[in-house]
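**Q** Residue numbers for the sequence shown follow UniProt numbering, beginning at 1 and rising by one.
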Amino acid sequence: MKRERYFTICWIVIPILIILNFQFVKCQDSGEFSETGNTLAVPIITAAINAKLANLTPIFRAEITKNLNFCIMDFDADWDGAFNFTKNLDFIASCIKKTKGDLPQRLCTAAELKFYFEGLFERSSSGNANFLKLNSNCNLTSWVDGCEPGWACSAGANQKIDMKDKQHVPSRTTDCQPCCEGFFCPQGLTCMMPCPLGAYCPLAKLNQSSGVCEPYHYQLPPGRPNHTCGGANFWADVRSSSEIFCSAGSFCPSTTKETPCTPGHYCRMGSTSETKCFKLASCGSNTTNQDITAYGVILFASLSALLIIFYNCSDQVLTTRERRQAKSREAAARSARETAQARERWKSAKEVAKKGAIGLQSQFSRTFSRKKSTRSGSSRFFGLGKSGPLPPSVPKTSKREPSNLTKMMKELEENPDSNEGFSLEIGDKNIKKHMPKGKQMHTQSQIFKYAYGQLEKEKALQQQNKNLTFSGVISMAADIEIRPRPVIEVAFKDLTLTLKGKHIHLLRSVTGKIMPGRVSAVMGPSGAGKTTFLSALAGKVTGCIVSGLVLINGKIEPIHSYKKIIGFVPQDDIVHGNLTVEENLWFSARCRLSADLPKPDKVLVVERVIESLGLQGIRESLVGTVEKRGISGGQRKRVNVGLEMVMEPSLLILDEPTSGLDSSSSQLLLRALRREALEGVNICMVVHQPSYALFKMFDDLILLAKGGLTVYHGPVKKVEEYFSSLGINVPDRINPPDYFIDILEGIVKPTGGTSIKQLPIRWMLHNGYKVPPDMLQTADAIASSAKATDTSAETEETSFAGELWKDVKTNVEIEKDLLQHNFLKSKELSNRVTPGVLRQYRYFLGRVTKQRLREARIQAVDFLLLLLAGICLGTLAKVSDETFGALGYTYTVIAVSLLSKIAALRSFALDKLIYRRERASGMSSLAYFLSKDTIDHFNTLIKPLVYLSMFYFFNNPRSSFTDNYIILVCLVYCVTGIAYVLAIFLEPGPAQLWSVLLPVVLTLIATQDDKKDHVMENIANLCYTKWALEAFVIANAKRYSGVWLITRCGSLTKSGYDLHDWGLCIAILLLWGVVSRLIAFFCLVTFIKK
């Protein structure tokens, strides 16, 4: 295919574009040219011949367009660039004079042109550069002087020459002369062909020392002393016939004249005119190419200045935003103070209304009854305190005493272990309604429940009664109780988790419930399944067979339906290290709180969490990363918890939130959680051997043994009583939770004759739960049966193929469960409407912008690497005219792809854990992905400028800066999308390795020379590097014309490129970028592994 295509080029392009240009009609009066002194007729005839020539060109337009469309961009422009001699016809007139009017009889016909280029191809393939094949004029019996290089002969005056004849070679053996200037005469043919524009074809001169006809490389024939050097002998591509190309540093206005470049101008090889240098470029005499490095330096300096200004302004923008946030906090605090003052006024009005009602009742009693009422001055007390009469009136004091609720809260914080009750006025009808009869409020949970109800009533009154009107006072007196947060109660019965394929129980027969307004602790030894238990409650377990029931508020509903009001705090501190503490919390609040919640209320929520967690002093501090130190580990842990608290959850699950914290920090955290429980939040957390003070702050305890079996599930204050009933007493000065964990770990042997394996059974029997059949035996029998089971498992013979198939089947089932979990959709039952995709996209965009601005040093390193790559490749890989810069552009594709991919990997590779947490909480994956990609578009536009500021101005190719920039923008856009796929689908190490190998391997495939292998050719068409390299080469090849036509067509034929495919290359690169981003997003929402 390659041979045939090149053959088509050789015998079609030259007959049409060159010789047919000189299809002269022999003058009727040839004697007119025999008179050399008749110079007046020569210009007239020359102009007439040139006009005749122009009339012949449309005849071959269709054939040229059909066969050479891949290397002819514009027929008229390429024709004029190569063979429009209208500006200077002197070489034709000179040849007419030299041949005495015999020029038409010496020009090659179509048959001779075809013969020449067929031989040219075979000669280049075989490496034999001596002469063409034998023909009727030049053979073993006939070898006239015209057969030598640079010479031509005439067909004679009596022979009629048909220039369109492609079959017969006319006989040319008479009047052999050296080839005219401006023409070339190949060896083995006796005709002349005109040199195209951009060529320099003077008569050759003999070098006496070497015997070579210069500037050409042929020698005089031996044994012919009268033979002299002729004209040019060869025209092909620049590799084979560079001697006829106008030399670099000079320009050739005609094919017979070469002029050195003047100062202030430069002349590339094959130029027909000199080009003026730019003002800042240094161009002396005979300059080949202008040095425009100064413009590259200016561009890079300007770009750097803009980036520095942008970075500094961004700091100012961040400072302004922080100032506005501070004002928002002050406004919210002011609103809270005004609300508190209004609340106090409401309370005063309420007291006035009650006193007025009591006075009115007394008046009515005195009027209609003779007996004086004694009920108006007394009240009853309810609780542990003794009941007794109240004084008839309360003395007035200048200083207002704190309310009972405030005193109760303060007392609970100061002495959380206190079991004392407190008194409540019987006038509160809700208290009479909800208070259990005959019982007093001993437990803290009841106290918290009451306190929670009081807080909610005050909040409801604040919202409903904005003015001190009569209706407002009546509403306050009504004491309407409203719970703003939905309540989530989680009950579980016989909850069992078994690993697929291994039949190992992670949890077994776990029964109980966790209730709103209570703080439950999950404890147990290592391997007891504590984290697995929390994951099962949160619906995050995959790869397991789940049996049993999980009830939400007494109904069988999926826990995912409430994910918008469920907070899950992982054991690892998954927070953004390059954001401040307040920015982390504020982002979570904006995305996860109700969309219709006013901003001041959101600010108050964040402020409340910051204050309750003790983060006021570090609110403006960066959290910190591995490379950059930030806040301490304990503070980071509290921020990790705060991310879930700011969304005001109804169910809060925490996995070891106190690990790594000291005693005071742990108590601070637990107090904050207890405040959340006061608002009706259901809190369940895993703790590992807490201190006694911390242990007593929990309401309930879930104690698990190894194997996921329940040992105890109930109130904390009754755990010692329960174990005492089993004969297990905690020694003095021993922390009860530590003692229980040591027993379950096997470090301490339990007393009372109870073994460790009997403890779960004792708990099941104690509560009347169903005991699995295999656990009804004694502990010793259980142990022996377990050993027997293990032995049988070990001795069971299974073939290698059977084990392999079992493992493969298990892995497939696990992946299936993972995919189903990732695409799990359930009806939303939380009734919370969070911000939509567009609004979250705006929030994500602001967050990513802040992160990138704080990573300015890393961005600067990326730009510096591109700058160095541009300097190195621009200096070392100069654009070659033979290949139109293919080598330098190949290195460019590899370097830009590699550096851009490695930088783009950071967009997703470092945030996988954070994304998984945010996605599990209900945040939009699409908003997350689009925000990252949008910010990366900044690099897509800037990085090509950084690279080209050095490469282009050091290399100075013929293609325009705009073309190179557009190609690089599309290339960076393409490889960025591919980097997204690698970063999301692979781990960081393999992703970096593939980012380095992929551009190199794809470039090697794209540049392979064997075009006959259709499989490899189809694979190469799928490589983005092939289209990027083709776009670069095409953009450069379009700038070569005239004498470069054969070089251009030959090079494009060899590489398989088409000048018309530049737009296609750009479109395919963009398509690669879009498709790779779609694949990356699919991987993002699909292949999320823990």
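Even glycine gets a Cβ: it sits at the ideal position worked out from N, Cα and C.
From what residue to what residue does the beta strand (DSSP E) around LYS932 run?
**A** Position 932 of the sequence shown, counted from the start, is the residue given in the question as residue 932. Unbroken run through LYS932 is the alpha helix (DSSP H), 925 to 955; no beta strand (DSSP E).
**Q** Taking only the alpha-carbon atoms, compute the straight-line gap between VAL569 and LYS500 and give it to the nearest angstrom.
**A** Locating residue 569 in the sequence shown gives position 569, where the first residue counts as 1. Locating residue 500 in the sequence shown gives position 500, where the first residue counts as 1. Distance between the alpha carbons of VAL569 and LYS500 is about 26 Å.
**Q** Taking contact to mean at least 3 C-beta pairs separated by less than 8 Å, is the segment 554 to 569 in contact with the segment 596 to 604?
**A** no
**Q** Among the residues of its own chain, which have a CB less than 7 Å from the CB of VAL212, if the five just before and after it don't count?
**A** The residue you call residue 212 lines up with position 212 of the sequence shown. GLN219, listed in sequence order.
**Q** Three-state secondary structure (DSSP) at ALA595?
**A** If you number the sequence shown from 1, residue 595 lands on position 595. It is coil, neither helix nor strand.
**Q** Straight-line CA distance for LEU997 to ILE894?
**A** In the sequence shown, residue 997 corresponds to position 997, counting from 1. In the sequence shown, residue 894 corresponds to position 894, counting from 1. Those two C-alpha atoms are separated by around 10 Å.
**Q** On the premise that ASP655 lies in contact with GLN758, defined as a C-beta separation below 8 Å, what is that separation, rounded to the nearest angstrom?
**A** The residue given as residue 758 occupies position 758 in the sequence shown. The residue given as residue 655 occupies position 655 in the sequence shown. Actually they do not touch by this definition, with Cβ atoms about 29 Å apart.
**Q** State buried or exposed for LYS279, treating a residue as buried only when at least 16 other CB atoms are found within 10 Å of its CB.
**A** Position 279 of the sequence shown, counted from the first residue, corresponds to residue 279. Counting Cβ neighbours within 10 Å, LYS279 comes out exposed, since fewer than 16 surround it.
**Q** For VAL541, does the three-state DSSP call read helix, strand or coil?
**A** On the sequence shown, residue 541 is found 541 positions in, with the first residue counted as 1. If DSSP states are grouped into helix, strand and coil, VAL541 belongs with coil.
**Q** Kindly indicate the opening and closing residues of the alpha helix (DSSP H) around ARG674.
**A** Taking the first residue of the sequence shown as 1, we reach residue 674 at position 674. Looking at the DSSP string, the run of the alpha helix (DSSP H) that includes ARG674 is 663 to 678.
**Q** Quick one: Cα of LEU537 to Cα of VAL546, how far?
**A** Translated into positions along the sequence shown, residue 537 becomes position 537. Translated into positions along the sequence shown, residue 546 becomes position 546. Distance between the alpha carbons of LEU537 and VAL546 is about 11 Å.
**Q** With distances taken from CA atoms, which of MET192, LYS1038, GLY1056 is nearest ASP1009?
**A** Sequence index remark: in the sequence shown, residue 1009 carries index 1009 (1-based). The residue with the shortest Cα to Cα distance from ASP1009 is GLY1056.
**Q** Just to check my reading of the structure: GLY119 and LEU132 have Cβ atoms closer than 8 Å, yes? What is that Cβ distance to the nearest angstrom?
**A** In the sequence shown, residue 119 corresponds to position 119, counting from 1. In the sequence shown, residue 132 corresponds to position 132, counting from 1. About 4 Å; that satisfies the 8 Å criterion.
**Q** On a CA-only basis, which of ILE610, VAL837, GLY614 is nearest MET647? Give me that one, please.
**A** Against the sequence shown, residue 647 aligns to sequence position 647. It is ILE610.
**Q** Start and end of the beta strand (DSSP E) containing TYR712?
**A** Numbered from 1 along the sequence shown, position 712 holds the residue referred to as residue 712. Per DSSP, TYR712 belongs to the beta strand (DSSP E) from 709 to 715.
**Q** Can you give me the C-alpha to C-alpha distance between THR259 and PRO253, rounded to a whole angstrom?
**A** Residue numbering aside, residue 259 sits at position 259 when the sequence shown is read from its first letter. Residue numbering aside, residue 253 sits at position 253 when the sequence shown is read from its first letter. Distance between the alpha carbons of THR259 and PRO253 is about 8 Å.
**Q** Let me know the secondary structure DSSP gives TRP235 once reduced to three states.
**A** For the purposes of this step, residue 235 is taken as the residue at position 235 of the sequence shown. Three-state result, TRP235: coil.
**Q** Tell me whether the segment 232 to 245 and the segment 195 to 207 touch, counting them as touching only if at least three CB pairs, one residue from each stretch, are closer than 8 Å.
**A** Touching, yes.
**Q** Taking the runs of the beta strand (DSSP E) that are 3 residues or longer, which of them lie wholly in the segment 515 to 589?
**A** 519 to 523, 544 to 552, 566 to 569
**Q** Look at the alpha carbon of GLU627 and the alpha carbon of GLU583, and state the distance between them as a whole number of angstroms.
**A** Counting from one through the sequence shown, the residue named residue 627 turns up at place 627. Counting from one through the sequence shown, the residue named residue 583 turns up at place 583. Cα to Cα, the separation comes out at about 20 Å.
**Q** If I measure Cβ to Cβ from residue 1102 and keep anything under 6 Å in the same chain, skipping five residues before and after, which residues do I get?
**A** Within the shown structure, residues of the chain are numbered from 1 to 1090, placing residue 1102 beyond reach of any answer.
**Q** According to DSSP, is LYS912 helix, strand or coil?
**A** As a position in the sequence shown, residue 912 is number 912, starting the count at 1. In the structure shown, LYS912 sits in a helix (DSSP, three-state: H, G or I).
**Q** Rounded C-beta distance between THR109 and ALA152? I'm assuming under 8 Å.
**A** To locate residue 109, count along the sequence shown from 1; it is residue 109. To locate residue 152, count along the sequence shown from 1; it is residue 152. With 8 Å as the limit, THR109 and ALA152 do not qualify as a contact, their Cβ atoms being about 13 Å apart.
**Q** Whole angstroms is fine: what's the gap from LYS717's alpha carbon to ASP699's?
**A** Position 717 of the sequence shown, counting from 1, holds the residue named residue 717. Position 699 of the sequence shown, counting from 1, holds the residue named residue 699. Roughly 8 Å between the two C-alpha positions.
**Q** Looking at C-beta atoms only, is the number of pairs between the segment 266 to 278 and the segment 1081 to 1088 that lie closer than 8 Å three or more?
**A** no
**Q** Given that a residue counts as buried once 16 or more other Cβ atoms are within 10 Å of its Cβ, and exposed if not, what is GLU679?
**A** On the sequence shown, position 679 is the one that residue 679 refers to. Looking at its Cβ environment, which holds 16 or more other Cβ atoms inside 10 Å, GLU679 is buried.
**Q** Quick one: residues in its chain with C-beta nearer than 6 Å to the C-beta of GLU882, no 5 flanking neighbours on either side, listed in chain order?
**A** The residue labelled residue 882 in the question sits at position 882 within the sequence shown. The answer, listed in chain order, is VAL238, ARG239.
**Q** Nearest-angstrom Cα distance between MET523 and PRO486?
**A** Sequence index remark: in the sequence shown, residue 523 carries index 523 (1-based). Sequence index remark: in the sequence shown, residue 486 carries index 486 (1-based). Spanning the two alpha carbons is a distance of roughly 27 Å.
**Q** If I follow the unbroken alpha helix (DSSP H) through CYS283, where does it start and stop?
**A** By one-based count along the sequence shown, residue 283 stands at place 283. Neither: CYS283 is in no alpha helix (DSSP H) and is coded neither H nor E.
**Q** PRO516 to LEU669, Cα distance in whole Å?
**A** Here residue 516 is taken as the residue at index 516 of the sequence shown, counted from 1. Here residue 669 is taken as the residue at index 669 of the sequence shown, counted from 1. For PRO516 and LEU669, the distance between alpha carbons rounds to 19 Å.
**Q** Please name the residue, chosen from THR272, SER924, THR625, that lies closest to SER588 on a Cα-to-Cα basis.
**A** Start at 1 with the first residue of the sequence shown, and residue 588 comes out as number 588. Minimum Cα distance to SER588 is reached at SER924.
**Q** If you reduce the DSSP assignment to three classes, tell me which class ARG508 lands in.
**A** Taking the sequence shown and counting its residues from 1, the one referred to as residue 508 is at position 508. Correct three-state label for ARG508: strand.
**Q** Is PHE183 helix, strand or coil by DSSP?
**A** Mapped onto the sequence shown, residue 183 falls at position 183. In the three-state reduction of the DSSP assignment, PHE183 falls in the strand class, which pools E and B.
**Q** Could you please give the first and the last residue of the uninterrupted beta strand (DSSP E) stretch that includes LYS850?
**A** Counting from 1 along the sequence shown, the entry for residue 850 is found at position 850. Segment 837 to 854 is the alpha helix (DSSP H) holding LYS850; no beta strand (DSSP E) there.
**Q** How is the beta strand (DSSP E) around GLN635 delimited, first residue to last?
**A** By 1-based counting over the sequence shown, the position of residue 635 is 635. Here GLN635 belongs to no beta strand (DSSP E); instead the alpha helix (DSSP H) covers 633 to 645.
**Q** Looking only at C-alpha atoms, which of ALA903, TRP763, THR1003, LYS1038 sits nearest to ALA705?
**A** Along the sequence shown, read from residue 1 onward, the residue named residue 705 stands at position 705. It is TRP763.
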